[in-house]
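For what it's worth, my numbering labels the leading residue of the sequence shown as 265, then goes sequentially.
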Amino acid sequence: NYLLGVGRADCTGPVAEIPLMGYANPDQVGGGLLTRLYSRAFIVADPDASRRVVFVSADIGMVSQKVRLEVLEKLKSKYGNLYRQDNVILSGTHTHSGPGGYFQYTLFWITSKGLIRPSLNAIVNGIVKSIDIAHQNMKTGRLFINRGTVENSQINRSPFSYLENPASERSRYSSNTDKEMVILKMVDRNGEELGLISWFAVHPVSMNNTNHLVNSDNMGYASYLFEQEKNKGMLPGEGSFVAAFASSNLGDVSPNTKGPFCVNTGESCNNPQSTCPVGGATMCMATGPGSDMFDSTRIIGQNIYLKARELYEKASQEVKGPLSSAHQWVNMSDVSVELNATHTVKTCKPALGYSFAAGTIDGVGAFNFTQGSVEGDPFWDGIRDQLLGEPSNETKACHKPKPILFSTGEMTRPRPWHPDIVDIQITTIGSLAIVAVPGEFTTMSGRRLREAVKREFDSHSRARMDVVIAGLCNVYTHYITTYEEYQAQRYEAASTIYGPHTLSAYIQLYRGLAKAIATNTVQDLPRGPEPPLFNIGNLTLVPALAADRVPANKTFGDVLQEVRPQYQAREVAEVTFVGANPRSSAENATEHNFLTVERYTKASDSWHVVRNDASWDTRFYWTKGLFGRSNVTIEWHIPPGTEPGIYRIRYFGHYKKKLSITQAVSIPFEGTSSTFEITTL
Numbered sequence: 265n266y267l268l269g270v271g272r273a274d275c276t277g278p279v280a281e282i283p284l285m286g287y288a289n290p291d292q293v294g295g296g297l298l299t300r301l302y303s304r305a306f307i308v309a310d311p312d313a314s315r316r317v318v319f320v321s322a323d324i325g326m327v328s329q330k331v332r333l334e335v336l337e338k339l340k341s342k343y344g345n346l347y348r349q350d351n352v353i354l355s356g357t358h359t360h361s362g363p364g365g366y367f368q369y370t371l372f373w374i375t376s377k378g379l380i381r382p383s384l385n386a387i388v389n390g391i392v393k394s395i396d397i398a399h400q401n402m403k404t405g406r407l408f409i410n411r412g413t414v415e416n417s418q419i420n421r422s423p424f425s426y427l428e429n430p431a432s433e434r435s436r437y438s439s440n441t442d443k444e445m446v447i448l449k450m451v452d453r454n455g456e457e458l459g460l461i462s463w464f465a466v467h468p469v470s471m472n473n474t475n476h477l478v479n480s481d482n483m484g485y486a487s488y489l490f491e492q493e494k495n496k497g498m499l500p501g502e503g504s505f506v507a508a509f510a511s512s513n514l515g516d517v518s519p520n521t522k523g524p525f526c527v528n529t530g531e532s533c534n535n536p537q538s539t540c541p542v543g544g545a546t547m548c549m550a551t552g553p554g555s556d557m558f559d560s561t562r563i564i565g566q567n568i569y570l571k572a573r574e575l576y577e578k579a580s581q582e583v584k585g586p587l588s589s590a591h592q593w594v595n596m597s598d599v600s601v602e603l604n605a606t607h608t609v610k611t612c613k614p615a616l617g618y619s620f621a622a623g624t625i626d627g628v629g630a631f632n633f634t635q636g637s638v639e640g641d642p643f644w645d646g647i648r649d650q651l652l653g654e655p656s657n658e659t660k661a662c663h664k665p666k667p668i669l670f671s672t673g674e675m676t677r678p679r680p681w682h683p684d685i686v687d688i689q690i691t692t693i694g695s696l697a698i699v700a701v702p703g704e705f706t707t708m709s710g711r712r713l714r715e716a717v718k719r720e721f722d723s724h725s726r727a728r729m730d731v732v733i734a735g736l737c738n739v740y741t742h743y744i745t746t747y748e749e750y751q752a753q754r755y756e757a758a759s760t761i762y763g764p765h766t767l768s769a770y771i772q773l774y775r776g777l778a779k780a781i782a783t784n785t786v787q788d789l790p791r792g793p794e795p796p797l798f799n800i801g802n803l804t805l806v807p808a809l810a811a812d813r814v815p816a817n818k819t820f821g822d823v824l825q826e827v828r829p830q831y832q833a834r835e836v837a838e839v840t841f842v843g844a845n846p847r848s849s850a851e852n853a854t855e856h857n858f859l860t861v862e863r864y865t866k867a868s869d870s871w872h873v874v875r876n877d878a879s880w881d882t883r884f885y886w887t888k889g890l891f892g893r894s895n896v897t898i899e900w901h902i903p904p905g906t907e908p909g910i911y912r913i914r915y916f917g918h919y920k921k922k923l924s925i926t927q928a929v930s931i932p933f934e935g936t937s938s939t940f941e942i943t944t945l
């Protein structure tokens with residue numbers, strides 16, 4: 265038996281005017297909310313609580329070094345030495361629809377408009393709060409593991425790179441993606457269900473780069489369905505059961521299963537350059553199985569949820585045995601790798617290649633760069649040399665055949681552009697080893713890493729370990745391809761920032777951690793060089809929060825466009841209010857709920873909340889006008905099976921009012937639609 269704790273906390277942050285993190289598209293700025301973002305924490309401790317491990321999966325693009333270091337600082341001040349860098353894993357689901365601006369390295373400032381404190385604070389505080397809740401609710405319980413295959417939910421988005429891997433290696437696998445899902449089920453000693461963690465490799469990019477609503481994408485929708493089923497009668501975000509759908513080796517894996525087609529002509533662009541005859545690479549986009557991106561998110565999320573539910577119900581293999589954790593900080597720009605007895609190679613200072621600017625078939629770049637570029641371009645090279653400086657000959661040679669676009673490891677103003685010091689970490693819970701990786705391993709990279717770690721455990725008489733990769737942990741270092749995939753220089757390879765031997769270096773390092781755990785010598789591992797924590801305040805191009813204003817003869821919360829008197833299921837009830845900037849609410853109350861849908865109960869003459877802003881079928885749109893004015897439109901996409909009756913929609917906001925030049929206050933307000941009736945067909 266173990267002591268188990270689970271917790272969930274909101275980490276949404278500001279839903280307006282903040283660039284969304286993932287597609288690196290500066291035009292993709294938040295303008296409302298589809299579903300809330302949560303941090304989900306799981307603590308497993310020995311019966312005497314002497315050893316413990318923490319796994320957190322947060323609905324964010326990735327965990328940044330700044331987030332991790334601030335979380336560890338807060339945990340230390342609360343709990344002393346209980347939760348540390350070695351026994352706390354922080355993983356991001358990799359949704360591309362969450363607010364950005366929580367990074368300390370300069371490269372990430374470009375598309376997220378700097379460092380945005382409200383965004384960073386929401387994530388750090390949400391993660392810490394989820395751990396607090398888990399810590400306060402520890403119970404004696406049991407763990408079960410199960411695994412199974414998820415169909416119709418992924419494709420390899422760089423299949424030509426995958427084909428560069430040796431045929432003998434590829435022939436051992438039935439697919440060019442990992443279809444296996446691993447789930448961990450948690451119950452207390454009375455059999456009461458506590459939670460689940462699922463690991464499955466797919467990009468949460470069912471929502472594309474035209475989306476402006478903050479949401480947790482397909483993985484978040486799977487969590488939503490599981491938690492709604494287990495927390496019966498509760499609103500989203502409420503209830504004690506916690507279901508995390510965590511990321512894995514998703515580097516080259518897309519949920520857009522229809523594959524890449526030219527937007528303008530409709531023909532396939534599944535070629536090594538992902539380029540179209542007319543319009544080039546910017547026209548090549550992949551789409552999901554649904555009628556639009558919302559529908560695709562629903563379909564992929566539901567597939568993943570249904571498999572997890574089946575594996576959860578049938579899970580019978582119990583996880584037993586000691587807990588341990590191993591962690592090192594490593595300077596990834598300077599690792600020597602022994603390939604064999606005679607050959608030693610090195611990693612490189614970080615740099616991004618040309619194809620990084622091309623983006624992927626899930627989200628194309630801005631300037632018609634193409635994937636698979638092994639040649640530079642004198643025009644862009646010239647601009648780069650002028651603005652950012654030319655890469656050194658050493659860096660150019662180290663990264664070959666990558667043509668370097670940004671030599672980020674040699675760019676230090678105003679702060680370093682990329683991390684050198686990276687976390688490597690493994691925690692084990694009995695026979696389960698969670699390998700926490702600082703980025704996006706491709707399918708084959710992940711397979712090689714899992715196999716190497718498993719073999720290392722085997723050779724030290726820890727046989728039959730279940731090895732899972734948890735993706736996007738602790739610090740973000742982009743992609744990790746195999747040496748062979750690197751030669752093709754598609755997007756993932758161009759974004760393998762420490763050069764062609766990055767994977768070999770990680771395999772060597774993670775084997776070292778596995779060996780230390782297996783031989784009980786973790787205490788002898790060198791800590792490694794501590795990463796820097798840059799003290800940056802709010803350094804951002806996001807506009808300052810101005811005072812909110814209303815049109816003549818109107819007040820905040822007034823209805824501008826009313827609902828219809830009657831609707832049926834599958835229709836959309838829609839109402840528009842005089843609004844205020846949602847950032848005024850986010851900076852006021854961490855878990856502010858912007859809307860409710862309420863049903864009238866005649867017997868008690870009262871209104872009962874049936875939906876909130878985290879509900880999948882509600883959408884909250886904020887539209888900025890001139891002179892501090894703005895509108896809010898709330899949609900409820902009425903699902904089949906909705907109980908007939910009388911309903912209304914309510915909006916809750918804060919407006920910012922200036923008291924003087926230096927002082928401003930946020931004042932809460934609300935608005936309510938007319939009542940409307942939902943009738944049966």
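Cβ atoms here follow ideal geometry from the backbone N, Cα and C, with glycine treated the same way. Since this is a predicted model, take the numbers as computed values, not measurements.
(1) First and last residue of the alpha helix (DSSP H) that includes E602?
(2) Could you tell me which uninterrupted beta strand (DSSP E) segments, each at least 3 residues in length, are contained entirely in the region 821-875, listed from first to last along the chain?
(3) List the DSSP bridge partners of Y915.
(4) Quick check: the Cα distance between L736 and R712, rounded to an integer number of angstroms?
(5) Spatial neighbours of F891 within its chain, please: C-beta separation below 7 Å, excluding the five flanking residues on both sides.
(6) What is the DSSP secondary structure of I387, reduced to helix, strand or coil?
(7) For F705, count the other beta carbons within 10 Å of its own beta carbon; 16 or more makes it buried, fewer makes it exposed. Which is it?
(8) Only counting the same chain, and skipping five residues up and downstream in sequence, which positions put a Cβ closer than 6 Å to that of Q650?
(9) Output yes or no for whether 7 Å exceeds the beta carbon distance between M450 and G459.
(10) To the nearest angstrom, how far is the alpha carbon of E281 from that of N473?
(11) Does the separation of the CB atoms of I913 and V861 fall below 7 Å?
(12) Specify the secondary structure class of P796 as computed by DSSP and reduced to three states.
(13) Do you know offhand how far F408's Cα is from A579's?
(14) Nearest CA to the CA of A508: which residue from S394, S597, D556?
(15) Looking at E756 and G362, is the spacing between their C-beta atoms short of 7 Å?
(16) Going by the CB atoms, is the gap between S938 and V842 shorter than 7 Å?
(17) Hey, is the region 691-708 in contact with the region 623-641, meaning 3+ C-beta pairs nearer than 8 Å?
(18) Buried or exposed: which applies to P790, given that a residue is buried once 16 or more other Cβ atoms fall within 10 Å of its Cβ?
(19) In angstroms, rounded to a whole number, what distance separates the CA positions of A313 and H358?
(20) May I ask you to report which of helix, strand or coil DSSP gives L298?
(21) Return the residue from the list K330, D323, L298, N345 that minimises the CA-CA distance to R316.
(22) If you run the structure through DSSP and keep just helix, strand and coil, what is G776?
(23) Could I get the ranges of all uninterrupted alpha helix (DSSP H) runs contained in the region 355-415, with 4 residues as the minimum, in chain order?
(24) Three or more C-beta pairs closer than 8 Å, one from the region 601-621 and one from the region 408-424: is that the case here?
(25) Roughly how many angstroms lie between the CA atoms of G412 and L448, to the nearest whole one?
(26) For L805, collect the residues of the same chain with a Cβ closer than 7 Å to its Cβ; drop the 5 residues on either side in sequence, then sort them by chain order.
(27) Within the continuous alpha helix (DSSP H) that includes F940, where are the two ends?
(28) Relative to the C-alpha of H887, which candidate in L297, G269, R272, G455 has its C-alpha closest?
(29) Rounded to whole angstroms, what's the CA-CA distance from T546 to F464? Just pull it up for me.
(30) Using alpha carbons as the reference points, say which of I397, L427, F490 lies closest to R754.
(31) Along the chain, where does the beta strand (DSSP E) that runs through I447 open and close?
(32) Please state if the CB of G710 and the CB of I733 are separated by a distance shorter than 7 Å.
(33) Could you name each continuous beta strand (DSSP E) segment of 3 residues or more that falls completely within the region 642-696, going from the start of the chain to the end?
(34) Could you tell me whether the Cβ atoms of Q329 and V701 are closer together than 7 Å?
(35) Ignore the nearest five residues each way along the sequence and tell me which others in K584's own chain have a CB closer than 7 Å to its CB.
(36) In the DSSP assignment, the beta strand (DSSP E) including N895 goes from what residue to what residue?
Answer, in terms of the structure:
(1) Counting from one through the sequence shown, the residue named residue 602 turns up at place 338. First-last for E602: 600-602, but that is the beta strand (DSSP E), not the alpha helix (DSSP H).
(2) 823-825, 830-832, 836-843, 859-865
(3) As a working note, residue 915 is residue 651 in the sequence shown. In DSSP, Y915 forms a bridge with L859, G935.
(4) Numbered from 1 along the sequence shown, position 472 holds the residue referred to as residue 736. Numbered from 1 along the sequence shown, position 448 holds the residue referred to as residue 712. Going by the C-alpha atoms only, they are around 17 Å apart.
(5) Mapped onto the sequence shown, residue 891 falls at position 627. In its chain, beyond the 5 residues on either side, R813 have a beta carbon closer than 7 Å to the beta carbon of F891.
(6) The count along the sequence shown starts at 1 and reaches residue 387 at position 123. In this structure, I387 counts as helix in the three-state DSSP scheme.
(7) For the purposes of this step, residue 705 is identified with residue 441 of the sequence shown, where counting begins at 1. That one is buried.
(8) If you number the sequence shown from 1, residue 650 lands on position 386. Closer than 6 Å at the Cβ level, and outside the excluded window around Q650, lies no residue.
(9) The count along the sequence shown starts at 1 and reaches residue 450 at position 186. The count along the sequence shown starts at 1 and reaches residue 459 at position 195. With respect to G459, M450 sits close: the two C-beta atoms are nearer than 7 Å.
(10) Residue mapping note: residue 281 aligns to position 17 of the sequence shown, counting from 1. Residue mapping note: residue 473 aligns to position 209 of the sequence shown, counting from 1. If you take the alpha carbons of E281 and N473, they lie about 15 Å apart.
(11) Indexing the sequence shown from 1 puts residue 913 at position 649. Indexing the sequence shown from 1 puts residue 861 at position 597. Contact check for I913 against V861 passes: the beta carbons are separated by less than 7 Å.
(12) Sequence index remark: in the sequence shown, residue 796 carries index 532 (1-based). Judged by DSSP in its simplified three-state form, P796 adopts coil rather than helix or strand.
(13) For the purposes of this step, residue 408 is taken as the residue at position 144 of the sequence shown. For the purposes of this step, residue 579 is taken as the residue at position 315 of the sequence shown. Cα to Cα, the separation comes out at about 6 Å.
(14) Translated into positions along the sequence shown, residue 508 becomes position 244. The option with the nearest alpha carbon to A508 is S394.
(15) The sequence position of residue 362 within the sequence shown is 98, counting from 1. The sequence position of residue 756 within the sequence shown is 492, counting from 1. Not in contact: G362 and E756 (Cβ atoms no closer than 7 Å).
(16) Along the sequence shown, one-based indexing puts residue 842 at 578. Along the sequence shown, one-based indexing puts residue 938 at 674. The criterion of a C-beta distance shorter than 7 Å is not satisfied by V842 and S938.
(17) no
(18) Walking along the sequence shown from the start, residue 790 turns up at place 526. P790 comes out exposed.
(19) The residue you call residue 313 lines up with position 49 of the sequence shown. The residue you call residue 358 lines up with position 94 of the sequence shown. Rounded to the nearest angstrom, the two C-alpha atoms are 32 Å apart.
(20) Within the sequence shown, residue 298 is the residue found at index 34, counting from 1. Coil at L298, not helix or strand.
(21) By 1-based counting over the sequence shown, the position of residue 316 is 52. Residue nearest to R316 within the set K330, D323, L298, N345 is N345 (criterion: CA-CA distance).
(22) On the sequence shown, position 512 is the one that residue 776 refers to. Reduced to three states, the DSSP call for G776 is helix.
(23) 371-376, 381-400
(24) no
(25) Here residue 412 corresponds to residue number 148 of the sequence shown, with the count starting at 1. Here residue 448 corresponds to residue number 184 of the sequence shown, with the count starting at 1. So the two alpha carbons sit approximately 12 Å from each other.
(26) The count along the sequence shown starts at 1 and reaches residue 805 at position 541. Excluding positions up to five away in sequence, the list reads K377, G378.
(27) For the purposes of this step, residue 940 is taken as the residue at position 676 of the sequence shown. Careful: F940 lies outside any alpha helix (DSSP H), inside the beta strand (DSSP E) at 940-943.
(28) Start at 1 with the first residue of the sequence shown, and residue 887 comes out as number 623. At residue 887 the sequence reads Thr, which differs from the His that was named. Comparing Cα positions, the closest option is L297.
(29) For the purposes of this step, residue 546 is taken as the residue at position 282 of the sequence shown. For the purposes of this step, residue 464 is taken as the residue at position 200 of the sequence shown. Each residue's alpha carbon lies about 29 Å from the other.
(30) Locating residue 754 in the sequence shown gives position 490, where the first residue counts as 1. When each option's Cα is compared against that of R754, the closest is L427.
(31) Numbered from 1 along the sequence shown, position 183 holds the residue referred to as residue 447. 444-452 is the extent of the beta strand (DSSP E) around I447.
(32) Within the sequence shown, residue 733 is the residue found at index 469, counting from 1. Within the sequence shown, residue 710 is the residue found at index 446, counting from 1. The answer is yes: Cβ separation under 7 Å.
(33) 668-670, 685-693
(34) Taking the first residue of the sequence shown as position 1, residue 329 is located at position 65. Taking the first residue of the sequence shown as position 1, residue 701 is located at position 437. Cβ atoms of Q329 and V701: not closer than 7 Å.
(35) As a position in the sequence shown, residue 584 is number 320, starting the count at 1. So the qualifying residues of the chain are G694.
(36) Counting from one through the sequence shown, the residue named residue 895 turns up at place 631. For N895, the uninterrupted beta strand (DSSP E) segment begins and ends at 894-901.
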